[in-house]
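Worksheet: one structure, shown below.
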Amino acid sequence: MPPGPFISTNPCVIVLLDGKSFPILFDLSKVEKKDLFTGTYMPSTDLTGGYRILSYLDPSESNHAKLKQLLFNLIKSRREFVIPEFNSAFTELFEVLEYDIATKGKAEFADPNEQATFNFLSRAFFGVRPIDTALGKDAPTVISKWVLFNLAPILSVGLPKEVEEATLHSVRLPSTLVQKDYNRLYEFFGYFG
1 MPPGPFISTN
11 PCVIVLLDGK
21 SFPILFDLSK
31 VEKKDLFTGT
41 YMPSTDLTGG
51 YRILSYLDPS
61 ESNHAKLKQL
71 LFNLIKSRRE
81 FVIPEFNSAF
91 TELFEVLEYD
101 IATKGKAEFA
111 DPNEQATFNF
121 LSRAFFGVRP
131 IDTALGKDAP
141 TVISKWVLFN
151 LAPILSVGLP
161 KEVEEATLHS
171 VRLPSTLVQK
181 DYNRLYEFFG
191 YFG
């Protein structure tokens, strides 16, 4: 369902009737994918430094191929680090969980898992331990907040539908409230990426 009228000016959507019709989505002569990733809603570019991110670029745009190639080159150049860093990050995660279970009788999984995931990605693709940077252990919280501001108009946060439609799904959350967090992420990826 697209967000309300103040956010989404074109409520047209594609409806697939069955699996057989799915390949039509990949026919660029019939489907334009510019500014489309999460339905008819595209987050404000104020949340991404004025840039449209790769998932909102149409494959026919020149930057789409360039950014896609950049990501493939990054993955290719760091491929030998993926398995060892995955093993390391998630071994650390399970050591924390086992310690918490041994000392407290229970362990929370979500926050340590988010930290382990960010540690894995940072070490595998950038060769840096986030804890040794200005970002420290804040990355999962900062990223979650930034994602909330990006996707709030299409998320359900458990409020009554009428309240969500009148608030979150009708107006954009102001990007200024998350600008400081975005800048921290930008500096991290700008310096180490």
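Residue numbers for the sequence shown, in the UniProt record's numbering: 1 to 193.
Backbone N, C-alpha and C fix where the C-beta goes; we use that ideal spot for every residue, glycine too.
Determine the contact status of Y56 and F37, defining contact as a CB-CB distance below 8 Å.
-> Position 56 of the sequence shown, counted from the start, is the residue given in the question as residue 56. Position 37 of the sequence shown, counted from the start, is the residue given in the question as residue 37. Yes, Cβ-Cβ distance for Y56 and F37 is below 8 Å.
E164 and V171: beta carbons closer than 8 Å?
-> Here residue 164 refers to the residue found at position 164 when the sequence shown is read from its first residue. Here residue 171 refers to the residue found at position 171 when the sequence shown is read from its first residue. No, the pair does not count as a contact, with Cβ atoms beyond the cut-off.
In angstroms with no decimal places, state the Cα-to-Cα distance between L54 and T117.
-> Against the sequence shown, residue 54 aligns to sequence position 54. Against the sequence shown, residue 117 aligns to sequence position 117. The alpha-carbon atoms of L54 and T117 are separated by roughly 21 Å.
Residue span of the alpha helix (DSSP H) that contains I131, given as start and end = Position 131 of the sequence shown holds residue 131. Counting along the chain, I131 falls outside any alpha helix (DSSP H), and DSSP gives it neither H nor E.
Can you grab the Cα-Cα spacing for the pair K145 / D138, in whole Å?
-> Numbered from 1 along the sequence shown, position 145 holds the residue referred to as residue 145. Numbered from 1 along the sequence shown, position 138 holds the residue referred to as residue 138. Rounded to whole angstroms, K145 to D138 spans 11 Å at the Cα level.
With distances taken between CB atoms, is the gap from F81 to A124 smaller than 8 Å?
-> Sequence index remark: in the sequence shown, residue 81 carries index 81 (1-based). Sequence index remark: in the sequence shown, residue 124 carries index 124 (1-based). Yes; because the gap between Cβ atoms is below 8 Å, this pair is in contact.
Would you say T48 touches the ligand HEM, meaning its beta carbon is less than 7 Å from a heavy atom?
-> The ligand HEM is not part of the structure shown, which contains no ligands of any sort.
Sorted by chain position, which residues of the same chain lie with C-beta nearer than 6 Å to A65's C-beta, five sequence neighbours on each side aside?
-> For the purposes of this step, residue 65 is taken as the residue at position 65 of the sequence shown. Nothing meets the Cβ criterion.
Start-to-end residues for the alpha helix (DSSP H) that takes in R78 = Here residue 78 refers to the residue found at position 78 of the sequence shown. Segment: none, R78 is in no alpha helix (DSSP H) and carries neither H nor E.
Residue of L17, F149, G127 and V147 minimising C-alpha distance to S77 | One-based indexing of the sequence shown puts residue 77 at position 77. Ranking the options by Cα distance to S77, first place goes to G127.
In terms of residue numbering, what span does the alpha helix (DSSP H) encompassing L148 cover?
-> Indexing the sequence shown from 1 puts residue 148 at position 148. Start and end: A139 to L151.
Go ahead and pull the three-state DSSP assignment for Y99.
-> On the sequence shown, position 99 is the one that residue 99 refers to. It is helical.
Taking Cβ positions, are P130 and S122 nearer each other than 8 Å?
-> Position 130 of the sequence shown, counting from 1, holds the residue named residue 130. Position 122 of the sequence shown, counting from 1, holds the residue named residue 122. Closer than 8 Å, so yes.
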